[in-house]
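Asks:
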Amino acid sequence: MLAAVGSAVGLANIWRFPYVLGTNGGAAFLLVYLICLFLIGFPVFVAEVFMGSLAKRGPYGAFALFGRSAKWAKAGLLIVLTGFVISAFYSVVAGWILAYFFESLRFSIGHFHSKENCLNYFEALMQSPLKLIFFHGLFLSFSLFVLLGGVQKGIERASRWMMPLLFVLLFVLVLKGLSLPGASLALDFLFKPDWESLTGSSVLLALGQAFFTLSLGQGTMMTYGSYLEEKETIISTSLPVLFVDTLISIFSGIAVFTIVFSSGMEASAGPGLIFQTLPLVFSQMTGGAVLMLLFFLLVCIAALSSEISALEPMIAFLVDEMGFKRRKASIWTCLGSFLLGIPCALAFNLWEEISVWGMNVFECISFLTTSIFVPLGGLLSVVLLAYVWGMRRALNKLLERSKRSNIIVYLYLYICIKYLAPIFILCIFVHSLMNP
Ligand code: PHE
């Protein structure tokens, strides 16, 4: 469970959630996102963990076993590849966090004193391909280091106290944010829906975000499920993940938007949003230099446990299906992820001009993975489980191991996994194809 929380809580909560919310109109998006989480994200989460735990293999092996055909195994491979691509662009963003962490090590955050300074600092970082590639590589080296040392001893032990600390720190930021003059505007933005601002593509984004934040649709939870012990029940292992993950996202939203509205920044700034807001408020707090250091350190750790989990399906695939030694598989996977991340880093500077469907390379990879391939991976998993393998058989097996096995849970999972998830995902796909 701890590893799953570590995987789920990461940049999707602290970095992506506020900026996607900011570019999609706030509260209305939040509501759609919560509905997606409850009706689709969580049931798919349970389905994926179940499939992994029953097959005792990652997506490729599990799909081959449940689907009993080479076609399904190939679908499993697609899921493994999606995770691999995610690990590349994820590491580029984690590199930005690392850069801010090193900046805060200097304990001189005076240059973040105004909104313009914050914007300029972020811009300067984005304009430097060397820095971006360096920090991306450094972050992947840390990931490789932990992967080689073993997940349990390193990352799990660290997460045990790092995660609560991150939570406390975010809470301090929320309290500080609420004391700022823009607080009520921010709360309105976050909790008073303006339905006009909601478009079909924001529903797709909300679904993608729900999947991305729970690390679904790209093999992580299936692979982690395969490591679950027989005695552990799937639902009670999964619920805390959903709860902690959602709380951290909402806290991040409050912290970021109270600062945005009190300093007159743009809510729709995009991927740079947290980098342009949080340092500003740190620079105005007593002890802000230390808090900033601690904050970026903890976010680095949260990103590290997520990055490792994004790399894990590919490593498991190379070990289980291709006969690699774990050490070699980890090195090759990290190297591949590094190379793939380079175009994402260049998208902000040297390759700025290149645009695909109106997006730069980074946005395009991020969109294709999180909004298309991740929901597709989830769709394939539920279709395989519910229609090929058999929904009743699956639920009986799943609830056999659960202490919370009552009729409501049964019906909720049955309806959501068998009907709502596939239909909803399909509708959103069709809609987004018709309104690109
Ligand atoms: N859930 C992670 C986060 O919130 C991102 C992630 C996606 C990690 C997919 C692994 C796999 O940051």
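Residue numbers (this note's numbering): 36 to 471.
In this text, a Cβ means the ideal position worked out from N, Cα and C, and glycines have one as well.
Fair warning: this is a prediction, and the values are worked out from it, not measured in the lab.
I need the DSSP call for Val44, collapsed to helix, strand or coil.
Replies: Three-state result, Val44: coil.
Asks: Could you give the DSSP three-state label for Met197: helix, strand or coil?
Replies: DSSP places Met197 in helix when its eight states are reduced to three.
Asks: With three or more C-beta pairs closer than 8 Å as the rule, is the region 250-266 touching the region 409-418?
Replies: Yes: at least three Cβ pairs fall under 8 Å.
Asks: Less than 7 Å separating the Cβ of Gly371 from some heavy atom of ligand 1?
Replies: No, Cβ of Gly371 sits at least 7 Å from all heavy atoms of ligand 1.
Asks: Measuring alpha carbon to alpha carbon, tell me which residue in Gly145, Gly111, Thr404 and Ala123 is nearest Ala380.
Replies: Nearest of Gly145, Gly111, Thr404 and Ala123 to Ala380, Cα basis: Ala123.
Asks: According to DSSP, which residues form a beta bridge with Met426?
Replies: Per DSSP, none; premise fails for Met426.
Asks: Determine the extent of the alpha helix (DSSP H) in which Gln311 is found, giving its start and end residues.
Replies: Where Gln311 is concerned, the enclosing alpha helix (DSSP H) stretches over Leu308 to Ser318.
Asks: Less than 8 Å separating the beta-carbons of Tyr54 and Pro306?
Replies: Cβ atoms of Tyr54 and Pro306: closer than 8 Å.
Asks: Roughly how many angstroms separate the alpha carbons of Gly425 and Glu387, rounded to a whole number?
Replies: Going by the C-alpha atoms only, they are around 48 Å apart.
Asks: Nearest-angstrom Cα distance between Ile517 and Ser271?
Replies: In the structure as shown, the chain starts at 36 and stops at 471, and residue 517 therefore has no counterpart that could be examined.
Asks: Taking three-plus beta-carbon pairs below 8 Å as touching, is the region 131-150 in contact with the region 196-205?
Replies: Because the criterion of three Cβ pairs below 8 Å is not met, the region 131-150 and the region 196-205 do not touch.
Asks: Is it buried or exposed for Leu233, if we count other Cβ within 10 angstroms and need 16 for buried?
Replies: Buried, by the Cβ-count rule.
Asks: What does the alpha-carbon distance come out to for the pair Val483 and Phe331?
Replies: Shown here, the chain extends from 36 to 471; a query on residue 483 therefore has no answer.
Asks: At a cut-off of 7 Å, is Ser341 close to ligand 1 when judged by its beta-carbon and the heavy atoms of the ligand?
Replies: Ser341: yes, Cβ under 7 Å from ligand 1.
Asks: By alpha-carbon positions, which one of Trp50, Leu66 and Val84 ends up nearest to Glu265?
Replies: Closest option to Glu265, Cα to Cα, is Val84.
Asks: Classify Ser284: buried if its beta carbon has 16 or more other beta carbons within 10 angstroms, exposed otherwise.
Replies: Flag for Ser284 reads buried.
Asks: Measuring only the C-alpha atoms, how far is Ser297 from Leu154?
Replies: In a straight line, the C-alpha of Ser297 is about 16 Å away from that of Leu154.
Asks: Contact between the region 317-336 and the region 352-367: three or more CB pairs below 8 Å?
Replies: Contact fails: fewer than three Cβ-Cβ distances are below 8 Å.
Asks: From the DSSP output, in three-state form, read off Met35 for me.
Replies: The chain is shown from 36 up to 471; residue 35 falls before or after that span and cannot be answered.
Asks: By how many angstroms is the C-alpha of Leu455 removed from the C-alpha of Ser287?
Replies: Rounded to whole angstroms, Ser287 to Leu455 spans 29 Å at the Cα level.
Asks: Thinking C-beta only, is Val127 closer than 8 Å to Leu167?
Replies: For Leu167 and Val127, yes; Cβs fall inside 8 Å.
Asks: Which two residues bound the contiguous alpha helix (DSSP H) that contains Pro228?
Replies: Pro228 -> no alpha helix (DSSP H), and no H or E assigned at all.
Asks: From Gly322 to Ser365, what does the alpha carbon distance come to, in whole angstroms?
Replies: Near 40 Å, if we compare the C-alpha coordinates of Ser365 and Gly322.
Asks: Check each candidate in Leu69, Gly87 and Ala63 and name the one with the smallest Cα separation from Phe479.
Replies: In this structure the chain extends from 36 to 471, so residue 479 is not present and cannot be described.
Asks: Any heavy atom of ligand 1 closer than 7 Å to the CB of Val44?
Replies: Yes, the Cβ of Val44 comes within 7 Å of a heavy atom of ligand 1.
Asks: Relative to the alpha-carbon of Phe52, which residue among Ala245, Ser273, Ala382 and Val418 has its alpha-carbon at the smallest distance?
Replies: Among Ala245, Ser273, Ala382 and Val418, the Cα nearest to that of Phe52 belongs to Ala245.
Asks: Quick one: is the Cβ of Gln162 within less than 7 Å of any heavy atom of ligand 1?
Replies: Answer for Gln162: no, Cβ out of range of ligand 1.
Asks: Let me make sure I understand the geometry here. Which of Ala129, Ser139 and Ala241 has the alpha-carbon closest to that of Ile463?
Replies: Of the listed residues, the one whose Cα sits closest to Ile463 is Ala241.
Asks: Have a look at Leu263 and Leu133 and give me their C-alpha separation to the nearest angstrom.
Replies: Rounded to whole angstroms, Leu263 to Leu133 spans 32 Å at the Cα level.
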